[in-house]
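In this text, residue positions in the sequence shown follow this note's numbering: the first is 15, and each later residue adds one. Idealized CB from N, CA, C, for every residue including glycine. All values reported here derive from a predicted model rather than from experimental measurement. Single-structure report; data block below.
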Amino acid sequence: MASRRNFIKYSSLVTGSLLSSIAVSGSGNSSSDQIRKINKGVLKLKYRPYELQLNHIFTIATSSRKTTPVMLVEIEYDGIIGYGEASMPPYLGESHKSVAEFLAKVDLSGFSDPFDLEDIIQYLDTVAVGNYAAKASVDIALHDLIGKILQRPWHKLWGLNRNKTPNTSFTIGMDTPEIIKEKVREADSYKILKVKLGRDNDKEMISTIRSVTNKPLCVDVNQGWKDRNMALDMIHWLASQGVIFIEQPMNKYSVDDMAWLTQNSPLPIMADEAVQTVNDVLAIHTVYSGINIKLMKCGGMRNAHKMADMAKILGMKVMIGCMTETSCAISAAAQLAPLADWADLDGNLLISNDLYEGVKIVDGKVALSDLPGIGIKLIESHKTNPT
Ligand code: MG
C-alpha cells in the first residue's frame with residue numbers, strides 16, 4: 015500500500031497534465047490528497063483538438079496535405095493520467111467534429127476499474143459504429159493508464175522481447191527530385207525507406223532515390239495502379255531495384271486482380287486500405303501476403319494485438335504502421351513492434367509540433383524503453399502551457 019501511494023505521488027509528478035484545469039499535481043499536500051480521494055474509482059475522460067504541422071507537404075497517390083487534425087485525450091484515475099490520441103487523416107472520414115461528438119457520448123461512469131479493458135472496449139462499440147480513431151484514443155489512454163498503475167510498459171505486460179523489434183522505415187512522399195533527395199538525406203539513420211508510388215512517374219521516383227542510396231526500399235502504392243499486368247511488370251522491375259515488399263498496389267475492391275497479383279508476385283503484397291479491423295483479416299488472408307496494422311484503423315492496441323495474432327495463425331506477414339501522429343500514438347503502436355515483421359512508425363518524425371517524448375529509433379530499429387504504459391512523457395513546456 016505504501017509503495018502504491020508513493021507511486022501515485024511519483025506519477026502525478028512525472029505525468030503532469032496536458033489538458034487539465036484540475037490537474038492532480040504536487041505530492042503529499044492536503045489538497046491533492048483530497049482530489050485523489052474524490053476521484054478514486056472514477057475514470058475521468060478529457061480531450062481537446064490539436065493540429066499537427068507537417069515538415070513537408072505530404073503527397074500520396076490520392077491526396078496532398080500540410081497538416082493533420084488529431085484529438086488529444088486523457089483518462090485520469092486515482093490521480094494517474096493515461097494519454098491517448100486520435101489521428102484523423104481526411105481520407106478516413108473522421109474529423110475533430112466527429113471525434114468530439116463520439117467522445118462526448120462516452121460515459122465511463124459505469125466502470126469503476128480501468129482493468130476491465132475488454133468490457134470498456136466492447137462498450138465503445140455500442141456508443142457508435144465506426145469511429146475507429148476516436149475509439150483508439152480511449153483504448154490508448156486506458157492502456158497507458160493501466161501500464162502506469164502496474165509500473166510496466168505494455169511490451170513487457172504482453173511478454174514481448176524488446177530486442178526483437180524490426181527495422182522501421184522512413185516514408186518518402188511524392189515530390190520533386192530535389193526534395194526527394196533531401197528527404198533521403200533526412201532519413202540517414204533508417205535502414206529501410208518507404209516510397210509512395212502510384213502516379214505516372216514511379217520509375218523516375220525510384221531512380222532518383224537510387225541515385226543517392228542503396229538502402230532496401232518498400233513501396234506503398236495506395237491503390238494507385240489500375241491494371242494488373244502493368245502492376246506485375248512494375249513489381250518485377252521494383253524487385254530488381256532492391257524493393258522488398260509492395261503495399262496495397264491496387265484498389266481494395268479489386269479482389270480478383272489482387273489475388274492474382276499476390277499469387278504471381280515475386281514480392282510479398284501487403285494489405286493496408288483493404289484491411290481495417292480484426293474481422294477483415296480472415297476475409298483477405300487468401301488475397302494478400304500480409305497486413306499493415308494501424309491503431310487508428312482498428313480501434314487501438316487491444317484490437318491491433320488480436321489482428322497480429324490472427325495474421326500469424328493464418329501464416330501472414332505482419333506490419334505495424336501509423337498515420338501522422340504525435341509520439342503518443344506512435345509509442346503505443348511501438349509496444350506491438352516485436353510482433354511485426356516490419357514497422358513503419360515514423361509519423362511523429364514528419365511533424366514539427368510533437369507534444370511528447372516517446373519511442374526512439376536507434377540504429378534503424380524501434381527502441382522500446384522501460385517507461386510504463388505506452389512509454390511517453392509530456393514535453394515539459396506543454397505541462398504548464400497548453401495551447
Ligand atoms: Mg499504406
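Could you tell me which residues DSSP pairs with Glu218 in its beta bridges? For Glu218, no pairing in a beta bridge is given by DSSP.
For Ser341, which residues in the same chain have their Cβ closer than 8 Å to its Cβ, ignoring the five residues on either side in sequence? Taken in chain order, the residues that qualify are Asn362, Asp368, Leu369, Tyr370, Glu371, Gly372, Val373 and Ile390.
Any heavy atom of ligand 1 closer than 6 Å to the CB of Asp234? Asp234 Cβ: within cutoff of ligand 1.
Asp455: CB within 6 Å of a non-hydrogen atom of ligand 1: Since the displayed the chain opens at 15 and closes at 401, residue 455 lies outside it and no answer follows.
Between the segment 167 to 178 and the segment 186 to 206, are three or more C-beta pairs nearer than 8 Å? Between the segment 167 to 178 and the segment 186 to 206 there are fewer than three inter-stretch CB-CB distances shorter than 8 Å, so the stretches are not counted as touching.
Given Pro128, which residues of its chain have a CB within under 8 Å of its CB, disregarding the five upstream and five downstream residues? Excluding five sequence positions before and after Pro128, the CB atoms of its chain that fall closer than 8 Å to its own CB belong to Leu57, Ile89, Tyr91, Gly96, Ile134, Leu156, Leu159, Ile160 and Ile163, given in chain order.
Here's the rule I'm using: 16 or more other beta-carbon atoms within 10 Å means buried, otherwise exposed. How should Asp121 be labelled? In the assembly as shown, Asp121 is an exposed residue. Its beta-carbon has fewer than 16 other beta-carbons within 10 Å.
Can you look up Asp11 in the DSSP assignment and give me helix, strand or coil? No information on residue 11 is available, as it lies outside the stretch 15 to 401 that the chain covers here.
One question on the structure: do Val292 and Asn317 come within less than 7 Å of each other, judged by their Cβ atoms? Yes, the Cβ-Cβ distance between Val292 and Asn317 is below 7 Å.
Nearest residue (CA-CA) to Leu171, options Ala357, Met324, His319 and Leu328: Nearest C-alpha to Leu171 among Ala357, Met324, His319 and Leu328: His319.
Can we count Glu371 as close to ligand 3, meaning its CB is less than 6 Å from some heavy atom? As far as ligands go, the structure on display features ligand 1 and does not contain ligand 3.
Assigned exposure category for Gln136 - 16 Cβ within 10 Å defines buried: Exposed is the call here.
Here's a check: name, in chain order, each residue in its chain whose Cβ is nearer than 7 Å to the Cβ of Phe259, leaving out the five neighbours to either side. Residues Cys232, Leu281, Pro282 and Met284 of the same chain have their beta carbon placed closer than 7 Å to that of Phe259, with the five preceding and five following residues left out of the count.
Opposite Asn90 in the DSSP bridges: which residues? Just to set this straight, residue 90 is Glu in the shown sequence, not Asn. In the DSSP secondary-structure assignment, Glu90 is bridged to Lys58 and Ile95.
Output the boundary residues of the beta strand (DSSP E) element that contains Ile258. Annotation: the continuous beta strand (DSSP E) that includes Ile258 extends over Val257 to Glu261.
Using a Cβ-Cβ cut-off of 8 Å (strictly less than) and excluding sequence neighbours within five positions of Thr300, which residues of its own chain qualify? Here the set comprises Ala273.
Taking 8 Å as the limit between beta carbons, can you name the residues of its chain near Lys119, skipping five residues before and five after? Result list for Lys119: Val141 and Ala142, in chain order.
Suppose the cutoff is 7 Å on Cβ atoms and the five residues either side in sequence are ignored; what does the same chain contact list for Met321 look like? Val292, Val295, Ile305, Ile307 and Cys312, listed in sequence order.
To the nearest angstrom, how far is the alpha carbon of Ser26 from that of Met264? Its pLDDT being 38, under 50, Ser26 is placed unreliably by the model, and nothing is read from it.
Ligand 1 and Glu192: does the residue's C-beta get closer than 6 Å to at least one heavy atom of that ligand? Glu192 Cβ: outside cutoff for every heavy atom of ligand 1.
For the candidate residues Ala325, Ser101 and Glu65, whose alpha-carbon lies nearest to that of Cys336? Relative to the Cα of Cys336, the nearest Cα in the group Ala325, Ser101 and Glu65 belongs to Ser101.
Rounded to whole angstroms, what's the CA-CA distance from Glu10 to Leu385? Just pull it up for me. This structure leaves residue 10 out entirely; the chain is present only between 15 and 401.
For the alpha helix (DSSP H) containing Ile388, name the first residue and the last one. Unbroken run through Ile388: none, as it is neither H nor E.
Taking 6 Å as the limit between beta carbons, can you name the residues of its chain near Gln48, skipping five residues before and five after? At Gln48 the pLDDT is 44, less than 50, meaning the model places this residue with poor confidence; the figure from the coordinates comes in the next sentence. No residues qualify anywhere along the chain.
Report whether the distance from the Cβ of Glu65 to the nearest heavy atom of ligand 1 is below 6 Å. Not one heavy atom of ligand 1 is found less than 6 Å from the C-beta of Glu65.
Drop a sphere of 10 angstroms on the beta-carbon of Thr29, count the other beta-carbons inside from all chains shown, and report buried for 16 or more, exposed for fewer. The predicted position of Thr29 is uncertain, since its pLDDT is 43 and thus under 50; a value taken from the coordinates is nonetheless stated next. Buried: at least 16 other Cβ atoms inside 10 Å.
Glu90 CB to nearest heavy atom of ligand 1 below 6 Å: Taking 6 Å as the cut-off, one finds no heavy atom of ligand 1 near enough to the beta carbon of Glu90.
Got a sec: does ligand 1 put a non-hydrogen atom nearer than 6 Å to the Cβ of Glu261? Annotation for Glu261 indicates a beta carbon within 6 Å of some heavy atom of ligand 1.
Rounded to a whole number of angstroms, what is the C-alpha to C-alpha distance between Leu59 and Asp153? Just so you know, the alpha carbons of Leu59 and Asp153 end up roughly 12 Å apart.
Taking Cβ positions, are Ala354 and Ile327 nearer each other than 7 Å? No, the pair does not count as a contact, with Cβ atoms beyond the cut-off.
Going by DSSP, what residues sit across from Val332 in a beta bridge? Residue pairing by DSSP places Val332 opposite Ile305 in a beta bridge.
Does the distance from the C-beta atom of Ala148 to that of Met310 stay below 7 Å? Met310 is positioned such that its CB atom lies no closer than 7 Å to that of Ala148.
So is Gln67 buried or exposed if we call it buried at 16+ other beta carbons inside 10 Å? Exposed is the label assigned to Gln67, since fewer than 16 other Cβ atoms lie within 10 Å of its Cβ.
Contacting residues, own chain, Cβ-Cβ under 6 Å from Ala381 (five flanking each side not counted): When the five nearest sequence neighbours on each side are left out, the beta carbons in the same chain lying within less than 6 Å of the beta carbon of Ala381 are those of Lys374, in order along the chain.
Contacts around Ile52, its chain only, beta-carbon distance under 6 Å, and the 5 residues preceding and following it disregarded: With a pLDDT of 44 at Ile52, under the threshold of 50, the predicted position of this residue should be treated as unreliable, though the coordinate-derived value follows. Within the same chain, and ignoring the five residues on either side of Ile52 in sequence, no residue has its Cβ closer than 6 Å to its Cβ.
Could you work out which residue in Asn228, Thr182 and Lys331 is closest to Ser345 when comparing CA atoms only? Ranking Asn228, Thr182 and Lys331 by Cα distance to Ser345 puts Thr182 first.
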